[in-house]
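Keeping their order, the protein sequence lines are chains A and B.
Residue numbering for the first sequence follows the working numbering, starting at 1055 and increasing by one per position.
Residue numbering for the second sequence follows the working numbering, starting at 2 and increasing by one per position.
Backbone N, C-alpha and C fix where the C-beta goes; we use that ideal spot for every residue, glycine too.
Predicted model only: the values in this text are computed from it and were never measured.
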Amino acid sequence: MMQIPIQVDAQGKILLGMLHLPRRRKQGSPLVMLNFGLNGDRVDNHRLSVLFAKRAVEAGFCVLRFDYAGCGLSDGEFHKVSLASKAADTVSMLLFTTSCFVDEECSIMLLGYSDGIRVIDYVLRKYSGINAVVAWNPVVRSMSSTFKSSIKRKIAVDPTTKKLVYPLFGVYMGLDYLREANEDMALEEFISRPLPKLFVFGTGDVHTLDFQKQARQLSEEDPLLEYLEIEDANHLFSRDKWSKEVVEKTISWMVKVSL
Amino acid sequence: MCDVDYLMSTLARGLCQCGFFVAQVEMRGHGDDPEEFTIVDLDTLREDIQTALAYYGEFTIDNLYCIGRGLSAALLAECLDNVRIEGIAGIAPYCIYPEHVKQCLPSIKSESVDAYEIFTGDDYVDHADFDENALAVLHALGALPYNLHGMPISKRFLDQLVCFDALPALRQNPKNNALWLFPRVDGSGEVETFVFGEHRNYPTLNRYRHALPRNPKFAKALLPVLQDWLQVSYI
Chain A
1055 MMQIPIQVDA QGKILLGMLH LPRRRKQGSP LVMLNFGLNG DRVDNHRLSV
1105 LFAKRAVEAG FCVLRFDYAG CGLSDGEFHK VSLASKAADT VSMLLFTTSC
1155 FVDEECSIML LGYSDGIRVI DYVLRKYSGI NAVVAWNPVV RSMSSTFKSS
1205 IKRKIAVDPT TKKLVYPLFG VYMGLDYLRE ANEDMALEEF ISRPLPKLFV
1255 FGTGDVHTLD FQKQARQLSE EDPLLEYLEI EDANHLFSRD KWSKEVVEKT
1305 ISWMVKVSL
Chain B
2 MCDVDYLMST LARGLCQCGF FVAQVEMRGH GDDPEEFTIV DLDTLREDIQ
52 TALAYYGEFT IDNLYCIGRG LSAALLAECL DNVRIEGIAG IAPYCIYPEH
102 VKQCLPSIKS ESVDAYEIFT GDDYVDHADF DENALAVLHA LGALPYNLHG
152 MPISKRFLDQ LVCFDALPAL RQNPKNNALW LFPRVDGSGE VETFVFGEHR
202 NYPTLNRYRH ALPRNPKFAK ALLPVLQDWL QVSYI
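Given below as C-alpha cells:
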C-alpha cells in the first residue's frame, strides 16, 4: 500500500489529506472519499477511517481521507465550519485528486459517517461525477435532542471572536452549523438520485433509531438503496468487532457495485 | 496528530503563526500510521520519541523545545537525558501513583483486549456510567473513552503502565526549563502551572478527572502561555 500525504489550497486554506493507493493498481480503480461527521477528523474515533482505508486498498480501491478546514490538521477554526464549507472542501479535494489520475476515468464513491451524509447531499447538488454513496449511521433527522441532552454545554461567547458559539467536546461549534444540525435533511431528493446507495446502521445507535425503520422500508422499494445492520452497534461502532464488521460489509458492497 | 479536540494541531498552527518552526510527530500505531494500536507499548513510544528527538536535535542544533500532552509529556521528560533541549512543556503530563493505576485496571490474560473492556461505560457525553478513577487514568493518558473504545490494547502496554512511575523524570526537569500545565479543576478553562518539586508528590486523581476539559477556553488560554514561555526562553 502507498500512503501519500496531500495538501490542497482550498479557498485560501490549506487542507491536509492522506491518499491511499494499492501497490499494484489497475487503471481506473475506484476512488473512495471519506466524509467524517461533526467534529471528527481524517483518522476518526478509534482510527476507524485508517482501518477502512487499509482494507479497502487491499480490495483494490484508492481511498482519500482528509480534514475539512477547521478540523484536524487543516487550516481554520471549527466555529467557522458549516455543511456548505465542508461540501466546498470536499469538492476541492475531489478536483485535486481526480486531476492526479489525468486521463483515467475512475468511478468515485463518497462514504459519509454520521452527519457526513448531509455533506454528501450538498456535494451531490454541486458535483455530478459521483457514482455511489455509502452512509454509516446516517443522521438525517434533526440533532436537536442530541444537543439538548447536554445541559452543561450551553451557548457561550468565544473569548477571541466574541461570537456566540456552542462548546462541543473541547471545540467551539458555530451557530450556523448548529442550526443546520437541528434541521431535518431533505431526504426525498437524496434518495431519488439515480446512483447506488448503501445505508449501514448499528441497531444500538440511539441517534438514528427513529430513522432505521423508514430506511429499511425505502430500501425495499428502491433497488438502488441497500440497507445493512450491525447488530447492537452504537453510533461510533466503538467495539473492535463492530468496526471490523462495518468495514467488511461496506467493502463487499463496494466491490459488488464496482463490477 | 488526531486529538479529539484538535488541541495539539491548534497549538502547532498558533505557534507557527508566531514564527516558530513546529513539527508534530506521529507515534507508531497512532493517527495515520497504518500499524495497529496493539503494537504500541511504553517501549515503542520511548523509541519513537528518541528517534524524533535525535532527528530534530540534529536539525535544529541548539534551539529545540518539546511540548507533550498526557503520557507523551511524561515519556518525553524521561528521554531527555542525552539530548540537548532548551525547554520542555507538558500539558496535563501523566503522573499517577502506580498503585492507583493497578487498582483501576483489570488484569487481562489474552494478548490484547478491546479498550472498552478496560474502561467500561457507554455514556460518552457525561461519562456517568464510567468508573471515576479509571476515567482519570484514561484522561491522564490523554484519551477520551469514545476515541479509544474499539481499539485493541496489548497486555504488554497495560502491564508496563501499572509499573510506570513518571514522577522521578518529571521532578528532574527544572534543569531542562520545564513548564507543566493543567486545566484548573474548577472547570473554568483557565491554565494552572504545576511544579513537581523535591517535596511535591503525585497530582491527585481529581486533577486528571479534569485533564481533558470540555471547555474550549483551555485551548485558547494555553496558546499565549506557551508563546510567552517560548519567547522568554528563546530571548
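Practice item. Give the residues from the region 147-173 of chain B that approach chain A closer than 7 Å (Cβ to any Cβ), ordered along the chain. Key: Tyr147, Asn148, Leu149, His150, Gly151, Met152, Pro153
Review point. Does the beta carbon of B:Val233 sit closer than 8 Å to a beta carbon anywhere in chain A?
Key: no
Query raised in the report: Which chain A residues sit within Cβ distance under 9 Å of B:Pro225?
Result: In chain order: nothing, as chain A lies at least about 11 Å away.
Next item on the list: Grab me the residues of A:Asp1264's own chain with a C-beta within less than 8 Å of its C-beta, minus the 5 sequence neighbours each way, in chain order.
Entry: Arg1195
Quick check: the region 73-90 of chain B against the region 111-128 of chain B, are there 3 or more CB pairs under 8 Å?
no
Can you tell me whether DSSP reads B:Thr194 as helix, strand or coil? strand
Practice task
State yes or no: is the C-beta of A:Asp1143 within less than 8 Å of the C-beta of A:Ala1064?
Solution key: yes
- Name the DSSP beta bridge partners of A:Val1254, please? A:Trp1190, A:Leu1282
TODO: Kindly examine the ligand ADP and report whether one of its heavy atoms sits closer than 7 Å to the Cβ of A:Gln1268.
DONE: Inclusion of the ligand ADP in the displayed structure is not the case, the ligand content being empty and no account of it being possible.
Proximal chain B residues relative to A:Pro1192, where beta-carbon distance stays under 9 Å = Simply none; closest approach about 19 Å.
Going by beta-carbon coordinates alone, are A:Arg1101 and B:Met9 separated by less than 8 Å? no
Taking the alpha carbon of B:Ile97 as the reference point, which residue from B:Phe120, B:Arg208, B:Ile154 has its own alpha carbon closest?
B:Arg208
Worksheet entry | Beta carbon proximity, A:Asp1286 to chain B, threshold 8 Å | no
Determine the direct distance from the alpha carbon of B:Ser234 to that of A:Gly1258, and round the result to whole angstroms.
52 Å
Exercise. Rounded C-beta distance between B:Leu65 and B:Glu48? I'm assuming under 8 Å.
Worked result: 18 Å between Cβ atoms; not a contact.
- Task: Decide if B:Tyr56 is buried, meaning its Cβ has at least 16 other Cβ atoms within 10 Å, or exposed.
- Result: exposed
Every unbroken alpha helix (DSSP H) within the region 8-78 of chain B, with a cutoff of 4 residues, ordered by chain: 8-18, 43-61
Name the chain A residues that come within less than 8 Å of B:Arg208, Cβ to Cβ?
Result: empty, since nearest Cβ-Cβ is about 17 Å, beyond 8 Å.
*Segments of 4+ residues assigned as alpha helix (DSSP H) that fall wholly inside the region 73-134 of chain B*: 99-105, 116-119
### Query
A:Gly1228 lies in the beta strand (DSSP E); which residues open and close that run?
1225-1228
Given that a residue counts as buried once 16 or more other Cβ atoms are within 10 Å of its Cβ, and exposed if not, what is A:Lys1180? exposed
* To do: Anything in the region 1121-1140 of chain A with a Cβ closer than 8 Å to a Cβ of chain B? List those residues in chain order, please.
  => Cys1125, Gly1126, Leu1127, Asp1129, Phe1132
Check your understanding: Straight-line CA distance for A:Lys1310 to A:Phe1253?
Key -> 15 Å
Check whether the region 193-211 of chain B and the region 159-175 of chain B touch, using three or more Cβ-Cβ pairs below 8 Å as the test. yes
Exercise. Going along the region 209-222 of chain B in order, which residues come within less than 9 Å of chain A, judged by CB to CB distance?
Worked result: Leu213, Pro214, Arg215, Asn216, Pro217, Lys218, Phe219, Ala220, Lys221, Ala222
Test: A:Thr1214 CB closer than 8 Å to a CB of chain B: yes
Checklist line | Element boundaries [beta strand (DSSP E), containing A:Ser1246] | finding: It is not in any beta strand (DSSP E) - A:Ser1246 instead sits in the alpha helix (DSSP H) that spans 1241-1246.
- Query: In whole angstroms, what is the alpha-carbon distance linking B:Ala212 and B:Lys176?
  - Reply: 25 Å
Give the C-beta separation of A:Pro1173 and A:Gly1166 to the nearest angstrom, bearing in mind that I take them to be a contact with Cβ-Cβ under 8 Å.
Just to set this straight, residue 1173 of chain A is Val in the shown sequence, not Pro. Sure, about 6 Å apart at Cβ, within 8 Å.
Assuming contact is defined by CB atoms lying nearer than 8 Å, are A:Arg1096 and A:Gly1071 in contact in what I supplied? yes
Cross-strand partners of A:Leu1088 (DSSP beta bridge): A:Leu1165
**Report entry** Contact set between B:Gly32 and chain A, taken where Cβ atoms lie within less than 7 Å
**Finding:** Val1097
*asked:* Buried or exposed for B:Arg85, going by 16 or more other Cβ atoms inside 10 Å?
replied: exposed
- Please state whether DSSP places B:Gln161 in a helix, a strand or coil. helix
Check the Cβ-Cβ distances between B:Tyr56 and every residue of chain A, and say whether any is below 8 Å.
-> no
Which residue marks the beginning of the alpha helix (DSSP H) containing A:Lys1067, and which one marks its end? Where A:Lys1067 is concerned, there is no enclosing alpha helix (DSSP H), although the beta strand (DSSP E) it sits in stretches over 1067-1075.
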